[in-house]
Structures are given as C-alpha cells and as structure tokens.
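If you number the sequence shown the way numbering that gives the first Met the number 0 does, the last residue is 165 and the count never jumps. Built from N, CA and C at the ideal position, the CB exists for glycine as well. What follows is a short report on a single structure.
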Amino acid sequence: MNRMQKAGALLAAIALASLAQAEPLNIEGIGLSRDVSCKGQDVNISGNANVIHLKGDCGAVMVYGSQHKVTLDTARSLSVSGAEHEVVAERVNALSVDTTENQVRTTVAGSDQAALVEIAGADQELDLQFEGPVKLEVGGTNQQVRWRGEEPEVQMSGIDNKVERQ
Numbered sequence: 000m001n002r003m004q005k006a007g008a009l010l011a012a013i014a015l016a017s018l019a020q021a022e023p024l025n026i027e028g029i030g031l032s033r034d035v036s037c038k039g040q041d042v043n044i045s046g047n048a049n050v051i052h053l054k055g056d057c058g059a060v061m062v063y064g065s066q067h068k069v070t071l072d073t074a075r076s077l078s079v080s081g082a083e084h085e086v087v088a089e090r091v092n093a094l095s096v097d098t099t100e101n102q103v104r105t106t107v108a109g110s111d112q113a114a115l116v117e118i119a120g121a122d123q124e125l126d127l128q129f130e131g132p133v134k135l136e137v138g139g140t141n142q143q144v145r146w147r148g149e150e151p152e153v154q155m156s157g158i159d160n161k162v163e164r165q
C-alpha cells in the first residue's frame, strides 16, 4: 500500500468511526437495570420501569415510556416525556418535561445563550439549580417548580402552576 492509499484508508476509518459514534444508544425494555458510559453519545431510554445510570458526558438524553429511574452526570439536553419518571442529573444545558407526574432534579447551565427549560403536561415536580442565563417556560396544569441560583426569565400559562425560589 502506498502512502496515498494508507492516508485514504485512515481517513475512511476515521469517517466510519465518527458515523458509528453518531448513532444514538437505544435502551429499551421492561425492568432493566444498567450502567452505561455515554462517551458523548445521544441516549434514548424507552419502555417501563428501567433503572439506568448514565456516566460521563452525554449528548441529547431522551427518556420516554413510564416509571423509569434515571441518573446521569451531564447532558447537552434532557427530554423527559411519559409518566412517573424519576430523573436526577448533575448538569444539563437544556431541559424539556411533558406528559404527567414526572420528577426531575438537576442543575441547568446557560452560557452565552440562555438555557431553555420547557415544562408542559400535568403534575410535574422539578427541583432546579440555575447557573447562567435561563429561560423557564411553564404551561399545562399543576406544575411545581422549585428553583435556586440565578433568577430565570419566566413565562407562565396554564392552570394552578407554581414557580418558587427555594
């Protein structure tokens, strides 16, 4: 193999490795218990009653289905949809919670651009720490948002929603 062929083969291998890493990690099932290293990957968790521990830096984390217990270190974004999830994250840069009766505890970190926190559905309970600029949008019914840290920009609609500083 000459130098040009070696260089071409190396570039092709790098391209394939980055494509493989771009694939999200899908965790689906019922009653699974698993520890996972994210390594920058996006993660989709679905099914029912799974206990998942995500380690390291994650890309976009999506939790849907019902009754999952998820812990994670950091994520570019966290989306929680479905019913009765318990999610604890050390730090995320964006957060979305919808459907019903989900519990989320995390630090939301904004940077040059405000981090977006969107809450919809009904009966969500969130305990949030804000670092940097954050835009908090609360809609739906009977949402309970407790926060501390830097004051967010708040937009509220819906019925019987409560946003309070701790």
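Of all the options ALA114, GLU130, ASN47 and ILE158, which has the alpha carbon lying nearest to the alpha carbon of LEU77?
If we check each option's Cα against that of LEU77, ALA114 comes out closest.
What residue from ASN25, MET61, ILE44 and GLU117 has the CA that sits closest to VAL162's CA?
Of ASN25, MET61, ILE44 and GLU117, the smallest CA-CA separation from VAL162 is found for GLU117.
With a threshold of 7 Å on Cβ separation, who are the neighbours of SER36 within its own chain once the five nearest residues in sequence on each side are excluded?
LYS54 and GLY55, listed in sequence order.
Just verifying my parser: in three-state terms, what is the DSSP assignment at GLY148?
In this structure, GLY148 counts as strand in the three-state DSSP scheme.
Buried or exposed: ASN25, going by 16 or more other Cβ atoms within 10 Å of its Cβ?
By the 16-neighbour rule on beta-carbons within 10 angstroms, ASN25 is exposed.
Buried or exposed: GLY120, going by 16 or more other Cβ atoms within 10 Å of its Cβ?
So GLY120 counts as buried.
Cβ-Cβ distance between GLU124 and GLN143 below 7 Å
Contact: yes.
Using a Cβ-Cβ cutoff of less than 7 Å, which residues in the same chain neighbour LYS38 once the five nearest sequence positions on both sides are dropped?
The answer, listed in chain order, is GLY55.
What would DSSP say about LYS134, mapped onto helix, strand or coil?
DSSP places LYS134 in strand when its eight states are reduced to three.
Please state whether DSSP places LEU31 in a helix, a strand or coil.
Coil at LEU31, not helix or strand.
Between ASP122 and ASN141, how many whole angstroms is the CB-CB distance? I'm expecting something under 8 Å.
With a Cβ gap of about 5 Å, ASP122 and ASN141 count as contacting.
Tell me, which residues are paired with HIS52 by DSSP?
Checking the DSSP bridge columns, you'll see HIS52 partnered with ASP34 and THR70.
Cβ pair GLU130, GLN102 closer than 7 Å:
At a Cβ-Cβ threshold of 7 Å, GLU130 and GLN102 do not count as neighbours.
Reference VAL69; option with closest CA among ALA93, VAL96, ARG33 and ASN92:
From the listed residues ALA93, VAL96, ARG33 and ASN92, the smallest Cα separation to VAL69 is found for ARG33.
Go to THR140, then tell me how far its beta strand (DSSP E) extends in each direction, as first and last residue.
Segment: none, THR140 is in no beta strand (DSSP E) and carries neither H nor E.
Can you check the segment 101–134 for any alpha helix (DSSP H) of at least 4 residues that lies completely inside it and give the ranges in chain order?
You should have found no qualifying run.
Pick from ALA59, ASP41, ARG104 and GLY139: whose alpha carbon is nearest that of ASP159?
Distances from the CA of ASP159 to each of ALA59, ASP41, ARG104 and GLY139 were compared; the closest alpha carbon is that of GLY139.
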